[in-house]
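In terms of UniProt numbering, the sequence shown opens at residue 1 and continues consecutively. Heads up, the thing below is written out as structure tokens.
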Amino acid sequence: MANYQETLTSGEINLDTVTINHIEVIENVIESLEQDNSAMVSHSPEDGYVWKFNYGSVEVFIQLTGQSNDDTITVWSSVLNLPAKDELNLMRHLLKMNCTGTLEARFGIIENRVVVISTRSVEDLSPAEVSRLITIVGTIADDNDEILQSQFGNG
């Protein structure tokens, strides 16, 4: 069997062999979006990396479970504490928004909080997709937190 070695000239990159450092990409995106030097990061073997930063009126969290193709990136931001006023209409409102205006994100519930969340595998994840996920979650949360709190908040 013949073995062929690929030779690259200067300026060429073999995209099949390039590995993306997702940690650096996430930190670069956060640096471009954060306000008031609010970014914080923690790392543990169980949870991977978790970042937190302020985006408008909300805190955005990013969890990277690792850097293998089987790992995931999850971005979320809390917009409303539960229980809420008129939860039936709140859930109807959130379902409508999930269908029409959340792009790759969605509304959900984590630990008695309504959140905007997006998650995906890191396999074939590009820096542009990382930026898009973080921006979409942050923007949807920032655009909706005060409205949801005024309409459905209990405090």
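Here a beta-carbon is modelled for each residue, glycine too, at the ideal position from N, C-alpha and C.
Whole-Å CB distance - residue i paired with residue j, under 8 Å assumed
{"i": "Thr72", "j": "Ser121", "result": "6 Å"}
{"i": "Ser118", "j": "Ala105", "result": "4 Å"}
{"i": "Leu33", "j": "Val75", "result": "Not really, about 11 Å apart at Cβ, beyond 8 Å."}
{"i": "Ile20", "j": "Trp51", "result": "In fact, because the Cβ distance is near 17 Å, the residues do not count as touching under 8 Å."}
{"i": "Ile23", "j": "Tyr49", "result": "6 Å"}
{"i": "Ile136", "j": "Leu103", "result": "5 Å"}
Reduced DSSP secondary structure (H/G/I, E/B, other) of residue i
{"i": "Met1", "result": "Low confidence applies to Met1: its pLDDT is 47, below 50, so where it sits in the model is not reliable, and the reading given next is rough at best. Coil at Met1, not helix or strand."}
{"i": "Thr102", "result": "coil"}
{"i": "Val60", "result": "strand"}
{"i": "Ile140", "result": "helix"}
{"i": "Leu125", "result": "coil"}
{"i": "Ile20", "result": "coil"}
{"i": "Leu82", "result": "coil"}
{"i": "Leu8", "result": "Note on Leu8: pLDDT 46, under 50, position unreliable in the model; no value is reported."}
{"i": "Leu15", "result": "Below a pLDDT of 50, predicted positions are generally treated as unreliable, and Leu15, at 45, falls in that range; the measurement from the model is reported next regardless. The answer is coil: DSSP assigns Leu15 none of H, G, I, E or B."}
Beta-bridge partners of residue i, as assigned by DSSP
{"i": "Val41", "result": "Trp51"}
{"i": "Thr119", "result": "Thr74"}
{"i": "Phe107", "result": "Val116"}
Contacting residues, own chain, Cβ-Cβ under 6 Å from residue i (five flanking each side not counted)
{"i": "Lys96", "result": "none"}
{"i": "Phe61", "result": "Lys52, Trp76"}
{"i": "Gln67", "result": "His22"}
7 Å CB neighbourhood of residue i in its chain, flanking five on each side removed
{"i": "Gly108", "result": "Val115, Ile117"}
Contacts around residue i, its chain only, beta-carbon distance under 8 Å, and the 5 residues preceding and following it disregarded
{"i": "Val58", "result": "Ser77, Ser78, Val79, Gly138, Ala141, Asp142, Asp145"}
{"i": "Asn98", "result": "Arg106, Phe107"}
{"i": "Met40", "result": "Trp51, Lys52, Phe53"}
Three or more C-beta pairs below 8 Å linking the region 142-150 and the region 77-86
Three or more pairs of CB atoms, one per stretch, sit closer than 8 Å, so the region 142-150 contacts the region 77-86.
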